[in-house]
Structures are given as structure tokens and as C-alpha cells.
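Structure first, then comments.
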Amino acid sequence: MNNKIQQWSQKNKVLYGFILWSFISFAYMLFIANWGFSVTLAGSGVSNGTVHPGFLGYFGIENNRSFQVLNQISNWSITLGRAIGSVLIALLLAKFAHKYTTIIALGMTLAGIPAAFMPATRSGYALFLILRTIMAIGGTTLVILTQPVVANFFGAKQKSIVSQFGIWFYPLGTIVSILPAFLVSMPDSVRNQWQLIITLLAALNIIPLILFILIGTKFDIKKDEPKVKVNGWKILGSYIKKKQTYAWVLLYGGWLCIAVFLTSLTIPIFNGLSGASGSFNKFIQGWQIAFLAAVFVGPISLGLWSRKQAKRRWFIACAITMGIVLFVLSTLTFVFGVAKYGKSQNNSMFVFSAIMFIILGFLTGLCVWGIQGVMLNMPHEYKEADPKTIGWMFSLIWGLGYMFFTVVLIIISGVTLLQGLDKVLVSSIQLVIIIVATLISLIGISMLKEPHPEYPMFPTKKDSTKNVSIK
Numbered sequence: 005m006n007n008k009i010q011q012w013s014q015k016n017k018v019l020y021g022f023i024l025w026s027f028i029s030f031a032y033m034l035f036i037a038n039w040g041f042s043v044t045l046a047g048s049g050v051s052n053g054t055v056h057p058g059f060l061g062y063f064g065i066e067n068n069r070s071f072q073v074l075n076q077i078s079n080w081s082i083t084l085g086r087a088i089g090s091v092l093i094a095l096l097l098a099k100f101a102h103k104y105t106t107i108i109a110l111g112m113t114l115a116g117i118p119a120a121f122m123p124a125t126r127s128g129y130a131l132f133l134i135l136r137t138i139m140a141i142g143g144t145t146l147v148i149l150t151q152p153v154v155a156n157f158f159g160a161k162q163k164s165i166v167s168q169f170g171i172w173f174y175p176l177g178t179i180v181s182i183l184p185a186f187l188v189s190m191p192d193s194v195r196n197q198w199q200l201i202i203t204l205l206a207a208l209n210i211i212p213l214i215l216f217i218l219i220g221t222k223f224d225i226k227k228d229e230p231k232v233k234v235n236g237w238k239i240l241g242s243y244i245k246k247k248q249t250y251a252w253v254l255l256y257g258g259w260l261c262i263a264v265f266l267t268s269l270t271i272p273i274f275n276g277l278s279g280a281s282g283s284f285n286k287f288i289q290g291w292q293i294a295f296l297a298a299v300f301v302g303p304i305s306l307g308l309w310s311r312k313q314a315k316r317r318w319f320i321a322c323a324i325t326m327g328i329v330l331f332v333l334s335t336l337t338f339v340f341g342v343a344k345y346g347k348s349q350n351n352s353m354f355v356f357s358a359i360m361f362i363i364l365g366f367l368t369g370l371c372v373w374g375i376q377g378v379m380l381n382m383p384h385e386y387k388e389a390d391p392k393t394i395g396w397m398f399s400l401i402w403g404l405g406y407m408f409f410t411v412v413l414i415i416i417s418g419v420t421l422l423q424g425l426d427k428v429l430v431s432s433i434q435l436v437i438i439i440v441a442t443l444i445s446l447i448g449i450s451m452l453k454e455p456h457p458e459y460p461m462f463p464t465k466k467d468s469t470k471n472v473s474i475k
């Protein structure tokens with residue numbers, strides 16, 4: 005059977021690659037949704053003897069200051085674990101090949117199933133966090149495991165298209181986790197079903213797992229390739245010494261800050277700066293959904309740049325900078341528009357401000373998500389790119405990029421633990437940290453070399469419909 009699958013995969017290379025890519029991406033989206041529900045389903049825990057719906061209440065966790073400190077530490081540890089796991093995935097690729105590495109990663113995501121059924125005690129909560137961390141490490145590595153598939157099965161044209169649309173899955177998963185809180189008038193009704201939701205999302209990963217067991221191939225191991233003992237740590241060390249590695253880390257790490265924090269921190273930041281105290285959370289959630297929904301337009305707008313014969317670096321830098329500017333404008337619109345006029349009798353200005361706020365959210369997302377496809381395709385454009393090189397590059401890009409993100413997360417969440425700071429000051433500091441951390445990505449892009457230095461700054465008219473030749 006394996007021989008038949010191997011033969012079929014060679015005859016139908018693009019189709020087979022698309023099947024593998026789709027199922028890995030689907031599994032990644034499920035993980036993102038599952039992880040995103042951690043916020044929606046947590047609840048308020050136990051307060052004044054009252055058990056509130058959600059998994060914190062189930063485990064009997066009192067949501068006091070002591071818990072908040074421990075919770076932040078656990079969040080930092082989990083994010084760091086995801087970073088380390090992303091680096092180690094390259095070692096697994098070197099040792100076990102793509103098929104078995106993907107099976108291991110998918111198997112780890114299933115740890116989310118027993119997590120939901122741990123004993124309703126503090127020790128049960130500790131086990132819940134451990135199992136969810138295992139799930140998170142496996143889920144995070146899936147985005148890396150799509151890249152060797154792209155490098156091996158797709159030509160130049162397909163690579164740029166897949167990179168454009170590969171950006172959909174993180175925002176889609178996040179939208180799935182945000183929508184219930186946005187649509188349902190009684191969030192507690194959703195929190196009461198926390199076990200069902202996280203179990204179902206984890207269990208669905210059985211589908212891609214079975215698929216890889218049945219039809220996965222060792223495409224990254226060539227038959228005519230001499231069998232040599234690969235020293236993964238030595239290869240890892242060689243990449244660590246390259247300046248280009250750190251350039252990618254700064255670029256992706258900075259980009260991760262604006263991509264992730266704009267959905268996880270906008271509610272406390274916007275409320276803190278405006279003093280709205282949650283009165284306009286539905287509008288902020290609407291902004292978040294607009295920000296994420298822009299991913300559907302990104303591939304057919306900014307993402308098309310990866311198919312043009314034009315320089316990449318300046319365009320990426322401009323898109324990220326514009327994303328920052330639009331985010332700042334969104335913040336100002338909420339504080340001096342939505343929150344201000346929502347408390348007054350000036351209904352027309354409130355409606356205008358709310359509409360502009362949502363539009364700015366969409367435009368911010370267009371810059372952030374639209375440029376991701378161009379960035380994802382860039383490593384494939386270098387002449388030395390092959391499935392193994394791409395696997396190492398993306399594992400380090402995401403792994404070390406997540407470490408960069410973890411450092412920023414520790415700083416930005418640590419601000420909330422400082423005594424004596426009011427909400428306006430805390431939110432202002434967090435806003436500045438997000439902006440500065442994202443601006444660091446511009447240092448990264450300036451350190452990278454152009455994959456095609458011979459290309460002009462702008463596409464020529466002849467190139468308006470012509471695809472790039474990468475190799």
C-alpha cells in the first residue's frame with residue numbers, strides 16, 4: 005500500500021501536496037480555536053463562595069491577586085514551551101522525517117482531550133495546564149510542518165499562492181474562539197459547555213492524524229540519497245551562528261506582537277485608556293473580528309506582491325509600519341470617539357466613530373495579515389531553499405520568534421502586576437510596548453538580503469499578470 009501511495013503521490017505531486025498542506029493547516033486552525041477558547045471559557049473562578057461557570061470555577065480556583073501572578077507565570081511558561089517545541093521540531097524532522105514528525109505533533113494535540121476531564125481540584129488544574137501545554141507545543145509546530153510540504157510539492161507559482169492563503173488559519177481559529185462571546189448575550193451559557201468545546205476541538209485532530217498514518221510518505225528522504233547519520237544539534241548550531249537567522253527572528257517576533265496582542269490585549273487597553281469599564285466591549289470585539297476578517301482580503305491585495313517581480317523588503321516594512329499607524333488611529337478613535345460620544349447624547353457622532361473604528365480595525369488587519377503571505381514566501385525564494393533547509397529555517401523563525409514574543413509578553417503582562425499604577429498608565433505602557441516591539445521587526449527586515457536583488461522597486465507593467473520565477 006505504501007508503494008502505491010508513493011507512486012500516486014509522484015504522479016499527482018501538486019494534488020498530494022495540497023492534501024497534506026490542507027490537513028495540517030486544518031489541524032493548526034483547530035488548535036488555535038482551542039487555545040483561543042482559554043480566554044472565553046475560563047470564567048471568573050470562585051469569588052465570595054460563589055462558583056462561576058467556566059473551567060476556573062470547575063477546578064475551584066479563586067481568581068485573586070495570588071492566582072493572577074501564578075496565572076501569568078504559567079502563561080509565560082506555556083509560551084516559552086511552545087517556542088522551545090518549535091525549535092526542537094527541526095531535530096525531529098532530521099531524525100524521523102516529515103511523516104512521523106507530523107504524526108508526533110498531531111498526537112500531542114490530542115492531549116487536549118483528557119485535559120478536560122481532570123479531577124476538580126487544584127492538582128487537577130495543574131494536570132489540566134500540563135496537558136494543555138503538551139497540546140500547545142504540538143499545535144504550534146504544525147504551522148512549521150506545512151513549509152516542507154510547500155517546498156517539496158509546489159512550483160514557484162503554487163508556492164506564492166499557498167503562502168498567500170496559508171495565512172487564513174490563525175485568524176480563522178481566533179474568530180471561532182471570539183464569535184461566541186460576540187454573538188451570545190449570556191456568555192455563561194457558553195462557559196457551561198467548556199468541557200464539550202475543548203474536547204471536540206481536540207478530538208477533531210484525529211482526522212488529520214489518521215490521514216497521515218495512512219497516506220503520509222517520507223517525501224523528504226530521497227531513495228538515491230546516501231544514508232548518513234545526521235547530527236541535528238550540529239546543524240542547529242550552524243544556523244544559530246548565521247546573522248540571517250536573527251534577522252528573521254526580529255522580523256517574525258516583531259510581527260507576532262502586532263498579530264497576537266491586537267486580539268488578546270485590545271479589550272483591556274482600549275477600556276483602560278478610555279475608562280469605558282467594559283461598556284463598549286461588543287464594539288471592541290467587533291473591531292477584533294474586523295481585524296481578523298481582513299485575512300480574507302489580504303491574499304488578493306497585499307499578498308499579491310509575492311507574485312510580482314519587485315523588491316520585497318521595503319514593501320514589507322511599509323505594510324508593518326502602516327499597520328502600526330492604523331492601530332494607533334484605532335485607539336484614538338475608540339478613546340475620543342466611541343467611548344466619548346457613547347457616554348453623551350451625540351448619537352450621530354457616536355455612530356460615525358463606531359463605523360470608523362470598525363473600518364480602521366479592518367484596514368489594520370489588512371496590513372498585518374496581507375503582508376504575512378509575502379513574508380512566508382520569502383524563504384522559499386532564496387536559491388538554497390529545499391524541504392530540509394525550509395524545515396530548519398521555519399522552526400527557528402517560529403521558535404526563536406516565539407522566544408522574542410515571550411520576552412515581550414513577560415514585560416507587557418508584568419506591568420499589570422506592578423502596584424500603584426492606575427489603569428490609564430498601565431494601558432498606555434502596554435500600548436507603547438506593543439508599538440516598540442513591532443517596530444523592531446523593521447530592524448529584522450533591514451538585515452535580510454533581497455531574494456532577487458535584480459528586481460526593481462515596483463513591478464513593471466509587463467509584470468502585472470506575470471508570475472515570478474523563484475528558482
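Each residue of the sequence shown is one higher than the one before, counting from 5 in the working numbering. Cβ atoms here follow ideal geometry from the backbone N, Cα and C, with glycine treated the same way.
For residue i, which of helix, strand or coil comes out of DSSP?
i, result
"serine 51", "strand"
"glutamate 66", "strand"
"tyrosine 129", "helix"
"tyrosine 459", "coil"
"asparagine 350", "coil"
"asparagine 79", "helix"
"serine 283", "coil"
"asparagine 471", "Only weak support exists for where asparagine 471 lies, its pLDDT of 47 falling under 50; the value from the coordinates is given anyway. In the structure shown, asparagine 471 sits in coil (DSSP, three-state: anything other than H, G, I, E or B)."
"alanine 115", "coil"
"lysine 8", "helix"
"methionine 360", "helix"
"lysine 387", "coil"
"alanine 124", "coil"
"threonine 203", "helix"
"threonine 464", "coil"
"proline 152", "helix"
"lysine 312", "coil"
"serine 278", "helix"
"leucine 146", "helix"
"phenylalanine 223", "coil"
"leucine 110", "helix"
"valine 301", "coil"
"leucine 422", "coil"
"glycine 61", "helix"
"lysine 246", "coil"
So which of the options has the shortest CA-CA distance to residue i?
i, options, result
"valine 43", "Ile201, Ile28 and Leu97", "Ile201"
"isoleucine 359", "Gly341, Asn350 and Thr54", "Gly341"
"threonine 178", "Gly159, Cys322, Ser13 and Gln289", "Gln289"
"tyrosine 345", "Ala314, Leu146, Ser278 and Tyr32", "Ser278"
"alanine 120", "Leu135, Gly111 and Phe361", "Leu135"
"proline 118", "Arg126, Met379, Leu131 and Met353", "Leu131"
"tryptophan 172", "Ala31, Ile273 and Thr270", "Ala31"
"glycine 49", "Ala37, Glu66 and Ile36", "Glu66"
"leucine 333", "Ile363, Gly282 and Lys247", "Ile363"
"threonine 464", "Gln199, Trp309 and Val301", "Trp309"
"phenylalanine 284", "His56, Gln434 and Val355", "Val355"
"leucine 96", "Asn68, Tyr129 and Ile148", "Ile148"
"glycine 21", "Ile88, Thr221 and Leu260", "Thr221"
"serine 167", "Asn381, Tyr406 and Gly418", "Asn381"
"histidine 456", "Gln11, Gly111, Pro383 and Ile416", "Pro383"
Taking residue i and residue j to be in contact with their CB atoms under 8 angstroms, please state how far apart those CB atoms are, rounded to whole angstroms.
i, j, result
"isoleucine 262", "valine 339", "Actually they do not touch by this definition, with Cβ atoms about 19 angstroms apart."
"threonine 442", "glycine 258", "5 angstroms"
"glycine 47", "glycine 58", "2 angstroms"
"alanine 140", "glycine 85", "7 angstroms"
"serine 445", "isoleucine 273", "Going by Cβ atoms, the distance from serine 445 to isoleucine 273 rounds to 20 angstroms, so no, they are not a contact pair."
"leucine 367", "leucine 306", "At roughly 11 angstroms, the Cβ-Cβ gap does not stay under 8 angstroms, so leucine 367 and leucine 306 are not in contact."
"methionine 122", "glycine 116", "At roughly 11 angstroms, the Cβ-Cβ gap does not stay under 8 angstroms, so methionine 122 and glycine 116 are not in contact."
Taking the alpha helix (DSSP H) that residue i falls in, what are its first and last residues?
i, result
"isoleucine 433", "427-451"
"valine 18", "17-46"
"proline 184", "173-187"
"lysine 161", "160-169"
"glycine 403", "391-418"
"leucine 269", "No alpha helix (DSSP H) contains leucine 269, which DSSP labels as neither H nor E."
"serine 193", "191-195"
"leucine 560", "Residue 560 cannot be examined here, being either before or after the span of the chain that is shown, 5 to 475."
"proline 212", "210-219"
* Counting Cβ pairs closer than 8 angstroms, one from the segment 212-222 and one from the segment 104-118, do we hit at least three? -> yes
* Contact the segment 456-464 vs the segment 303-323: 3+ CB pairs below 8 angstroms -> Verdict: yes, contact present.
* Between the segment 320-328 and the segment 389-405, do at least 3 Cβ pairs fall closer than 8 angstroms? -> Using a C-beta cut-off of 8 angstroms, the segment 320-328 makes no contact with the segment 389-405, since fewer than three inter-stretch Cβ pairs fall below that distance.
* Asked: Any contact of the segment 374-389 with the segment 77-91, i.e. 3+ C-beta pairs under 8 angstroms?
  -> no
* Asked: Is it a yes or a no for the segment 409-429 touching the segment 69-78, going by three-plus beta-carbon pairs under 8 angstroms?
  -> Between the segment 409-429 and the segment 69-78 there are three or more inter-stretch CB-CB distances shorter than 8 angstroms, so the stretches are counted as touching.
* **Three or more C-beta pairs below 8 angstroms linking the segment 185-196 and the segment 404-418** => no
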